[in-house]
Amino acid sequence: MALLHDATEAIVVINDRNDIIFFNTGAEKLWGYTQDEVLGHNVRMLVPDFVRNEHDGHVARHRETDVNTIIGTSREVIFENKHGDYITGELTLSSSPVGPKGAKYYLASIKAVTEENHRKKLLDLQNTVFQSLSTEMQIQDVADLVCREVENFVPNTVAILVLIGEGHRLHVLSGPGLPRRYAAALENVTLSDADIMALSNDLDEAATVVWDSYKSLGVSLGLHHCWASAIKAGNGKISGIFALFSRNLNKTSDWPQKVVAGCVSFCSVLIEQYDARHHISQLANYDPLTGFLNRTAIHKVLKTLVGKPGDNHFAVLMLNLDRFRDINDALGHTNGDDFLKAVATRIKSLCRSHYILSRAGGDEFVIILPDTKAANATAFAETLITGMEEPIEIGGNFLVASVSVGISMFPENGPDSESLIGHAEAAMRLAKKEARGTYRVATPEDHAAAQDRLVLGSALRESLAKGLLNLHYQPQIKAKTGELYGVEALSRWHHPHLGNIFPSRFIAVAEDTGQIEAIGAWCLEEACRQIVAWDRDGVMIPAVSVNLSAGHFRKRQLPEMISNLLTRFGIAPTRLTVEITESVMMDENKDTMDVLHAIRALDVGLSMDDFGTGYSSLSRLTRLPLTEIKIDRSFIMNLEHDANAQAVTTAVIGIGNRLGMTVVTEGVETEAQYELLESLHCDVMQGYLFAKPMAPKDLEAWFRQPRKIMPAMRKALAKKQASGQPKTK
Numbered sequence: 001m002a003l004l005h006d007a008t009e010a011i012v013v014i015n016d017r018n019d020i021i022f023f024n025t026g027a028e029k030l031w032g033y034t035q036d037e038v039l040g041h042n043v044r045m046l047v048p049d050f051v052r053n054e055h056d057g058h059v060a061r062h063r064e065t066d067v068n069t070i071i072g073t074s075r076e077v078i079f080e081n082k083h084g085d086y087i088t089g090e091l092t093l094s095s096s097p098v099g100p101k102g103a104k105y106y107l108a109s110i111k112a113v114t115e116e117n118h119r120k121k122l123l124d125l126q127n128t129v130f131q132s133l134s135t136e137m138q139i140q141d142v143a144d145l146v147c148r149e150v151e152n153f154v155p156n157t158v159a160i161l162v163l164i165g166e167g168h169r170l171h172v173l174s175g176p177g178l179p180r181r182y183a184a185a186l187e188n189v190t191l192s193d194a195d196i197m198a199l200s201n202d203l204d205e206a207a208t209v210v211w212d213s214y215k216s217l218g219v220s221l222g223l224h225h226c227w228a229s230a231i232k233a234g235n236g237k238i239s240g241i242f243a244l245f246s247r248n249l250n251k252t253s254d255w256p257q258k259v260v261a262g263c264v265s266f267c268s269v270l271i272e273q274y275d276a277r278h279h280i281s282q283l284a285n286y287d288p289l290t291g292f293l294n295r296t297a298i299h300k301v302l303k304t305l306v307g308k309p310g311d312n313h314f315a316v317l318m319l320n321l322d323r324f325r326d327i328n329d330a331l332g333h334t335n336g337d338d339f340l341k342a343v344a345t346r347i348k349s350l351c352r353s354h355y356i357l358s359r360a361g362g363d364e365f366v367i368i369l370p371d372t373k374a375a376n377a378t379a380f381a382e383t384l385i386t387g388m389e390e391p392i393e394i395g396g397n398f399l400v401a402s403v404s405v406g407i408s409m410f411p412e413n414g415p416d417s418e419s420l421i422g423h424a425e426a427a428m429r430l431a432k433k434e435a436r437g438t439y440r441v442a443t444p445e446d447h448a449a450a451q452d453r454l455v456l457g458s459a460l461r462e463s464l465a466k467g468l469l470n471l472h473y474q475p476q477i478k479a480k481t482g483e484l485y486g487v488e489a490l491s492r493w494h495h496p497h498l499g500n501i502f503p504s505r506f507i508a509v510a511e512d513t514g515q516i517e518a519i520g521a522w523c524l525e526e527a528c529r530q531i532v533a534w535d536r537d538g539v540m541i542p543a544v545s546v547n548l549s550a551g552h553f554r555k556r557q558l559p560e561m562i563s564n565l566l567t568r569f570g571i572a573p574t575r576l577t578v579e580i581t582e583s584v585m586m587d588e589n590k591d592t593m594d595v596l597h598a599i600r601a602l603d604v605g606l607s608m609d610d611f612g613t614g615y616s617s618l619s620r621l622t623r624l625p626l627t628e629i630k631i632d633r634s635f636i637m638n639l640e641h642d643a644n645a646q647a648v649t650t651a652v653i654g655i656g657n658r659l660g661m662t663v664v665t666e667g668v669e670t671e672a673q674y675e676l677l678e679s680l681h682c683d684v685m686q687g688y689l690f691a692k693p694m695a696p697k698d699l700e701a702w703f704r705q706p707r708k709i710m711p712a713m714r715k716a717l718a719k720k721q722a723s724g725q726p727k728t729k
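Here you go:
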């Protein structure tokens, strides 16, 4: 035993109860314990907590079965010394029966693994990384391999590789042993320029980035210490961080930091390869303008989704911008590209993180909703359409990205990517034809729907001929006094068999079937007839506004037609206002400008309808003979909380007033909106706060009833009455 006692390697002998009965000088040096501290104690005291169960299992199985799997072989194992440090040793184990019952005693010979051994292993790991990168092995798999190997070098630790990407944003590329909560805390954190500068000056400052701010979280997850180093790319930029977290309470060894430092060089190469492959992937699979997947890539994604086993459901949405060609033509391709980028940003903000986004080409986008059924897909389509209504400023113009959406479902609408995209596109085209700014779900009856549109067009032509269309009127109120400024005529259609048909639907059909001008002419005549009827009944409506499509203003006969109507019904021209769309503003054709000026020469009002929703440019207002601007409801709905909407509304009101135009705001629904608009000196308001659109008889009843009077109106009316002016309806 004297020879064993003085041997350089550590030797430990345990009896049949796993008690230590021999502990030589080499063992004292390796573990830091004296013989007196260990003799008679269970050998578990020399084994770290996290491998004790495995150790006990090996010993128990050999005692019971005598299966020789560990006896006589050498292998690396982990030990814990007196100071709490983990050490690696090369273990050789032998056993012999002792006593009458043949109870087994074990002799363990342990040779400490030196740092030189570890350095060799790090060099081997580096070679493995370089060989792996030269193959088709995924970067993620190589990074995971590095982390797991390093965790073997430094027992009871967790290794991670973090990328520092565009905008100094963190991304945990690998950390197979890292608790999810800790990974989530690091993901997408943005470092400051000062952080990057500190890392550039001292790579070991990396621990302040991945540990100092998260230490309490780490401790709660069983992580107690961190060693980390920043990684510099070949161009000198900080590209990542490699870190080790220890589960050990004590931190007495500098070996982990040496391991981290040894990994930095080949991790730098790994990150450079990742960036290179990522760049190539971006070029092949992503749209350079929006950053979304391109059409080729979205087909690949669909093929993968289609091949998933089990109860697999997902939705494919195709979006098309309404009238994007007009924007491109009017504002130029540079502004058109900026508009597309802004649209893409808006779309992304409305999507959940797991939705898959693609620009299929031009002004078409595809969104895949994984694990989604039709009801949820249509709900999202509605959210999408509504969310796109807020104007986008491009080059001083405020544009609304109205979209038409087609929806196809897997597996209902096809077994492959081509059929799913095709059905979604067909549904989108139908939605675009039926009424822009809507959605449609692809069905086997899509062809029948096209036929139905023909039927609707025929029914509209018949209804127009038989007088089945009618007008409702929505009051417009003077903001200061509450007096009636006028009413807007809004077309309605109730078919005896088809029921009520929304204007957004039948107006689109009218445009597609060439009936829109006939409907506009009917609206003008019906409005004039109604003015006369109200006058006869003692209901003095100051003015009626009538919407006309852009096509009307390309007809040189329009001023003459309006003049004849005024003469025929004996109506003062000032009691009629014609509303034009913003596309007319953009039409700089001389004939169109001549028509507008001829109408205004009649003393008929000209109103810019829904200002700000299409191609608005304040500079173009001065070129048109307008008497009125109508601010669209999309600005008013969020007016109280949206600083941009307030800024635009304030600017339009101010410019309109300075140009001598009456400013009308649509969609006023709350007293708070009224008070804010009144404080901005808006002239006229229209919306449900005052009255909804009504049939002529209902409007007569409303006219004779007391009106809703705001506090500011009472003051103005009192002042008016004090001056001797009569109170008017």
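The opening residue of the sequence shown carries number 1 in the UniProt record's numbering; numbering runs sequentially from there. We treat Cβ as the ideally placed atom computed from N, Cα and C, and that holds for glycine. Quantities reported herein were computed from a predicted structural model and do not represent experimental measurements.
Expressed to the nearest angstrom, what Euclidean distance is found between the alpha-carbon atoms of residue i and residue j?
i, j, result
"N18", "I11", "15 angstroms"
"P496", "S549", "26 angstroms"
"E483", "R346", "40 angstroms"
"A143", "L30", "33 angstroms"
"V268", "I231", "Reading off the sequence shown, one finds Ser at residue 268, where the question assumed Val. Cα to Cα, S268 sits roughly 6 angstroms from I231."
"Q530", "L456", "27 angstroms"
"T304", "T190", "32 angstroms"
"G687", "P475", "8 angstroms"
"V210", "F242", "10 angstroms"
"A450", "S463", "Caution is warranted here: a pLDDT of 48 is assigned to A450, below 50, making its placement in the model unreliable, and no coordinate value can be reported."
"A510", "L460", "8 angstroms"
"A7", "S213", "48 angstroms"
"M137", "C147", "16 angstroms"
"P179", "I421", "39 angstroms"
"E28", "Y106", "18 angstroms"
"S353", "T670", "34 angstroms"
"V441", "G406", "6 angstroms"
"H447", "K341", "Bear in mind that the predicted position of H447 carries a pLDDT of just 47, short of 50, making it too unreliable to give a figure here."
"D16", "V264", "47 angstroms"
"T662", "G332", "31 angstroms"
"I709", "A543", "21 angstroms"
"C528", "Q515", "20 angstroms"
Going by alpha carbons, who is nearest to residue i out of the options?
i, options, result
"S94", "N81, A108, I87 and G84", "A108"
"E390", "T25, D632, K692 and C147", "D632"
"S583", "G236, R277 and N328", "N328"
"K82", "V38, V264 and A533", "V38"
"A533", "P696, Y355 and L270", "P696"
"K692", "L350, V684 and W702", "W702"
"K104", "V13, R180 and G177", "V13"
"G538", "G499, E700, K433 and A527", "E700"
"Y473", "E526, S504 and I501", "E526"
"T157", "D202, H168 and L221", "L221"
"L199", "G175, G177 and G236", "G236"
"N638", "A479, G57, I519 and T649", "T649"
"V306", "Y182, A672 and L369", "L369"
"K373", "S408, P573 and I392", "S408"
Determine the extent of the beta strand (DSSP E) in which residue i is found, giving its start and end residues.
i, result
"T665", "T662 to T665"
"V272", "Per the sequence presented here, residue 272 reads as Glu, with Val not at that position. Element bounds for E272: not the beta strand (DSSP E) but the alpha helix (DSSP H), W255 to N285."
"W702", "Not the beta strand (DSSP E): W702 falls in the alpha helix (DSSP H), residues P696 to R704."
"E675", "Premise fails: E675 lies in the alpha helix (DSSP H), E671 to S679, not in any beta strand (DSSP E)."
"T345", "Premise fails: T345 lies in the alpha helix (DSSP H), H333 to L350, not in any beta strand (DSSP E)."
Could you please give the first and the last residue of the uninterrupted alpha helix (DSSP H) stretch that includes residue i?
i, result
"M637", "Per DSSP, M637 belongs to no alpha helix (DSSP H) and is neither H nor E."
"F569", "L558 to F569"
"W227", "First-last for W227: H225 to K232, but that is the beta strand (DSSP E), not the alpha helix (DSSP H)."
"N376", "A374 to G387"
"T296", "R295 to V306"
"V210", "A206 to V210"
- Message: At 3 residues or longer, what runs of the beta strand (DSSP E) sit wholly inside the segment 138 to 203?
- Response: 157 to 164 and 170 to 174
What are the start and end residues of each continuous beta strand (DSSP E) run of 3 or more residues lying completely inside the segment 461 to 544, in chain order? 469 to 478, 484 to 495 and 499 to 501
Check your understanding: Counting Cβ pairs, one atom from each stretch, are 3 or more of them under 8 angstroms apart for the segment 148 to 160 and the segment 285 to 301?
Key -> no
Just to confirm the assignment: which complete beta strand (DSSP E) runs, minimum length 3, are found wholly within the segment 395 to 428? 397 to 399 and 403 to 410
Q. Do the segment 264 to 281 and the segment 324 to 342 make contact, defined as three or more Cβ pairs closer than 8 angstroms?
A. no
Does the structure place the segment 357 to 377 close enough to the segment 311 to 320 that three or more beta carbon pairs sit under 8 angstroms? yes
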